[in-house]
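Heads up: the sequence lines are chains W, B, X and R, in that order. Those letters in the first sequence? Residues 1 to 135, per our numbering, in order. Those letters in the second sequence? Residues 136 to 270, per our numbering, in order. Those letters in the third sequence? Residues 271 to 405, per our numbering, in order. Those letters in the fourth sequence? Residues 406 to 540, per our numbering, in order. Glycine included, C-beta positions come from ideal geometry on N, C-alpha and C. No experiment lies behind these values; they were computed from the predicted model shown.
4 protein chains.
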Amino acid sequence: MTNVTMPMLETNPLEINFDRRQFASAIDSLISCSEARTASADTCLSEPMIAELAKCIRTNLDCADICQATARVLSRHTGYDANISRTLLEACIMACKSCADECERHADLREHCRICAQACRDCEAACRQLLAAMQ
Amino acid sequence: MTNVTMPMLETNPLEINFDRRQFASAIDSLISCSEARTASADTCLSEPMIAELAKCIRTNLDCADICQATARVLSRHTGYDANISRTLLEACIMACKSCADECERHADLREHCRICAQACRDCEAACRQLLAAMQ
Amino acid sequence: MTNVTMPMLETNPLEINFDRRQFASAIDSLISCSEARTASADTCLSEPMIAELAKCIRTNLDCADICQATARVLSRHTGYDANISRTLLEACIMACKSCADECERHADLREHCRICAQACRDCEAACRQLLAAMQ
Amino acid sequence: MTNVTMPMLETNPLEINFDRRQFASAIDSLISCSEARTASADTCLSEPMIAELAKCIRTNLDCADICQATARVLSRHTGYDANISRTLLEACIMACKSCADECERHADLREHCRICAQACRDCEAACRQLLAAMQ
């Protein structure tokens, strides 16, 4: 795989009032986090202790859907509306934080929860940075 | 099609601290709005005056993605997190309002824009009601 | 909620080589099935016997994603490509059948599995009808 | 962004009857292709010659939705069903090929179409390889 987010953003002819590198980095973190969440929900499903992981699975599914929608909205620059992007980033930060908190509770015992928690923290940080730049 | 949102919600064994009918109504509005947005973006694409509709298409695509993610999150009740739902509802209200405002500008000339604007206003109202009940 | 699928399709100015009513009916079944799957996966997560339902949850999640993507593709008529629609409908029919088979195994004990199985069978039938019309 | 697809797949305790590296590579190509499609549809929307690009935009939107659903399905291994994965891969191959063909028609004049066409061809190749391994 070649990463295409930044090359695509560089060819966009519109004026973008933010650091394109920061934008691309947030989008990549969101996409990567969404994929990690989908995979993690599935790995939890195959665990013998699945009943303990019900809340974790739900949080993973939410986080995957929210990160994916946000990545798509941030990838569009025609007729840009900063208010919608900001509110979505806030929802993402909350979902990533909640998911990381939940995953970290299981991270000692499960390697996939540790990887997941890290992807959530990275995504939370990237969203916070972009949100700060947008204020 | 038989509507299954309310029957599914009625069989959920969890305690849900809200009027299930209001919840189901918001989910149905979100799903319906998401479908209207996808169809509307496509109808705009086939218009001869497509260049005037670029912002409208973009807003439609955003609104479809945000409503869809929100419908999914609201359909989950295991390990419920009110803060995430509330922030997503706020993003939906903004996206639906922005989309309705844009569609209404073209509603005199285009019947599909009129239908779309109405679906957005209905969804905006249903999200506002649910958000108020969640406060 | 007012159903907007058929009104939106009626205002599409493009020539559509199929019965628009059949198209709208398939889209509505796909959307309804996708919502039922998301809700059902969540209800399974809250069951005490969750370990028995792992495969059921996974099938629900797949079916929700496939039905949703197919509903979106079928909602677009600009630059229509029948081969893509047909292959997606085939994937949907398989996913709905597989999900209905799995849900029916639990339908005696769980009302939500019975409702789900029915939504899957309805969607499978609507997809088969549209696929037959497209051949 | 750190790529998490392969690390997540390595921690999955289930038996997976395929080369995990090939699986992860296909998932990464699908995610990357989906993001490139969303960005490309938006860049087309901002072009002065938008009317010429209507079919290109539609194909981009379809391809984004199909690749995204397929990446999610391939990321699940609990209760795996090879038939569904295979049919979805076939739909992806068709959508990527159709999108690449369309983008290549504009690739001389537009750098973003050239990048997009390449991402589609990479994704088409990765899907073909995985499909061949699954037969």
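Subject >> Neighbour flag for GLN473 (chain R) against chain W, beta carbons, 9 Å >> reply: Counting from 1 along the fourth sequence, the entry for residue 473 (chain R) is found at position 68. Closer than 9 Å to the CB of GLN473 (chain R) there is at least one CB belonging to chain W.
**OP:** Round the Cβ separation of THR475 (chain R) and LEU435 (chain R) to the nearest angstrom and send it over; I've been treating them as touching at under 8 Å.
**Re:** Sequence index remark: in the fourth sequence, residue 475 (chain R) carries index 70 (1-based). Sequence index remark: in the fourth sequence, residue 435 (chain R) carries index 30 (1-based). About 6 Å; that satisfies the 8 Å criterion.
Original post:
Is the beta carbon of MET269 (chain B) within less than 8 Å of some heavy atom of the ligand MG?
Top reply: Ligands are entirely absent from the displayed structure, and the ligand MG is therefore not among its contents.
**OP:** Examine chain B for any beta-carbon lying closer than 9 Å to the beta-carbon of THR5 (chain W), and answer yes or no.
**Re:** Working through the first sequence from its first residue, we reach residue 5 (chain W) at position 5. Answer no: the Cβ-Cβ gap between THR5 (chain W) and chain B never drops below 9 Å.
Original post:
Just curious, the alpha helix (DSSP H) that ARG481 (chain R) is in, first and last residue?
Top reply: Translated into positions along the fourth sequence, residue 481 (chain R) becomes position 76. Here ARG481 (chain R) belongs to no alpha helix (DSSP H), and DSSP marks it neither H nor E.
Subject >> HIS77 (chain W) and ASP447 (chain R) closer than 9 Å at C-beta >> reply: The sequence position of residue 77 (chain W) within the first sequence is 77, counting from 1. The sequence position of residue 447 (chain R) within the fourth sequence is 42, counting from 1. In terms of Cβ geometry, HIS77 (chain W) and ASP447 (chain R) form a close pair [threshold 9 Å].
Original post:
Taking C-beta to C-beta, are ALA24 (chain W) and THR5 (chain W) nearer than 9 Å?
Top reply: Taking the first sequence and counting its residues from 1, the one referred to as residue 24 (chain W) is at position 24. Taking the first sequence and counting its residues from 1, the one referred to as residue 5 (chain W) is at position 5. Yes, Cβ-Cβ distance for ALA24 (chain W) and THR5 (chain W) is below 9 Å.
Original post:
Can you find a CB in chain R that lies within less than 9 Å of the CB of LEU165 (chain B)?
Top reply: Walking along the second sequence from the start, residue 165 (chain B) turns up at place 30. It does not; no Cβ of chain R falls within 9 Å.
Original post:
Which value, in whole angstroms, describes the spacing of the CA atoms of CYS234 (chain B) and ARG425 (chain R)?
Top reply: Against the second sequence, residue 234 (chain B) aligns to sequence position 99. Against the fourth sequence, residue 425 (chain R) aligns to sequence position 20. For CYS234 (chain B) and ARG425 (chain R), the distance between alpha carbons rounds to 43 Å.
Original post:
Candidates R:ALA456, R:CYS518 and R:ALA441: which alpha carbon is nearest GLY349 (chain X)'s?
Top reply: By 1-based counting over the third sequence, the position of residue 349 (chain X) is 79. Closest by alpha carbon: R:ALA456.
Original post:
Of the residues W:THR87, W:ARG128, W:ILE93 and W:LEU9, which one's Cα is nearest the Cα of THR59 (chain W)?
Top reply: Residue mapping note: residue 59 (chain W) aligns to position 59 of the first sequence, counting from 1. Checked all of W:THR87, W:ARG128, W:ILE93 and W:LEU9; the closest Cα to THR59 (chain W) is W:ILE93.
Original post:
Which class does HIS382 (chain X) belong to by DSSP, given the choice of helix, strand or coil?
Top reply: Along the third sequence, read from residue 1 onward, the residue named residue 382 (chain X) stands at position 112. If DSSP states are grouped into helix, strand and coil, HIS382 (chain X) belongs with the helices.
Subject >> PRO142 (chain B) (DSSP reduced to helix, strand or coil) >> reply: Translated into the one-based positions of the second sequence, residue 142 (chain B) becomes position 7. Correct three-state label for PRO142 (chain B): helix.
**OP:** Using a Cβ-Cβ cut-off of 9 Å, state whether LEU244 (chain B) counts as contacting chain R.
**Re:** If you number the second sequence from 1, residue 244 (chain B) lands on position 109. By this cut-off, LEU244 (chain B) is not an interface position.
Subject >> Segment limits, alpha helix (DSSP H) that includes PHE423 (chain R) >> reply: As a working mapping, residue 423 (chain R) is identified with position 18 in the fourth sequence. Element bounds for PHE423 (chain R): n/a, residue is neither H nor E.
**OP:** Drop a sphere of 10 angstroms on the beta-carbon of ILE16 (chain W), count the other beta-carbons inside from all chains shown, and report buried for 16 or more, exposed for fewer.
**Re:** Here residue 16 (chain W) refers to the residue found at position 16 when the first sequence is read from its first residue. Exposed, by the Cβ-count rule.
Subject >> First and last residue of the uninterrupted alpha helix (DSSP H) at GLU237 (chain B) >> reply: Working through the second sequence from its first residue, we reach residue 237 (chain B) at position 102. Counting along the chain, the alpha helix (DSSP H) containing GLU237 (chain B) begins and ends at 217-240.
Subject >> Three-state secondary structure assigned by DSSP to MET184 (chain B) >> reply: Within the second sequence, numbered from 1, the residue matching residue 184 (chain B) stands at position 49. Three-state result, MET184 (chain B): coil.
Original post:
Are the C-beta of THR357 (chain X) and some C-beta of chain B separated by less than 9 Å?
Top reply: As a first step, residue 357 (chain X) is located in the third sequence; it is residue number 87 there, counting from the start. By this cut-off, THR357 (chain X) is not an interface position.
Original post:
Taking a cut of 7 Å between CB atoms, which residues from the stretch 295-325 of chain X lie near chain W?
Top reply: Taking 7 Å as the Cβ-Cβ cut-off against chain W, the residues of the stretch 295-325 of chain X that qualify are ASP312, LEU315, SER316, ILE320, ALA321 and ALA324.
Original post:
Does any residue of chain R bring its CB to less than 9 Å from the CB of MET278 (chain X)?
Top reply: Looking up residue 278 (chain X) in the third sequence gives position 8. Closer than 9 Å: no.
**OP:** Indicate whether ALA389 (chain X) and ARG307 (chain X) have their beta-carbon atoms separated by less than 9 Å.
**Re:** To locate residue 389 (chain X), count along the third sequence from 1; it is residue 119. To locate residue 307 (chain X), count along the third sequence from 1; it is residue 37. Contact: yes.
Subject >> Beta carbon proximity, ILE84 (chain W) to chain R, threshold 9 Å >> reply: Residue mapping note: residue 84 (chain W) aligns to position 84 of the first sequence, counting from 1. False, the Cβ-Cβ gap to chain R never drops below 9 Å.
Subject >> Beta-carbon spacing of SER439 (chain R), CYS461 (chain R) below 9 Å >> reply: As a working mapping, residue 439 (chain R) is identified with position 34 in the fourth sequence. As a working mapping, residue 461 (chain R) is identified with position 56 in the fourth sequence. Taking C-beta atoms as the reference points, SER439 (chain R) and CYS461 (chain R) fail to come closer than 9 Å.
Original post:
Interface residues of chain D around GLU509 (chain R) at Cβ under 8 Å?
Top reply: The chain inventory of the structure shown lacks chain D, comprising the protein chains W, B, X and R.
Original post:
So ALA174 (chain B) and LEU279 (chain X) are in contact, right, with Cβ under 8 Å, and what is the actual spacing, rounded?
Top reply: Here residue 174 (chain B) refers to the residue found at position 39 when the second sequence is read from its first residue. Here residue 279 (chain X) refers to the residue found at position 9 when the third sequence is read from its first residue. Beta-carbon to beta-carbon, ALA174 (chain B) and LEU279 (chain X) are separated by about 7 Å, close enough to satisfy the 8 Å threshold.
Original post:
Hey, does LEU466 (chain R) have any beta-carbon neighbour from chain X nearer than 9 Å?
Top reply: Sequence index remark: in the fourth sequence, residue 466 (chain R) carries index 61 (1-based). Closer than 9 Å to some Cβ of chain X, the Cβ of LEU466 (chain R) qualifies, so yes.
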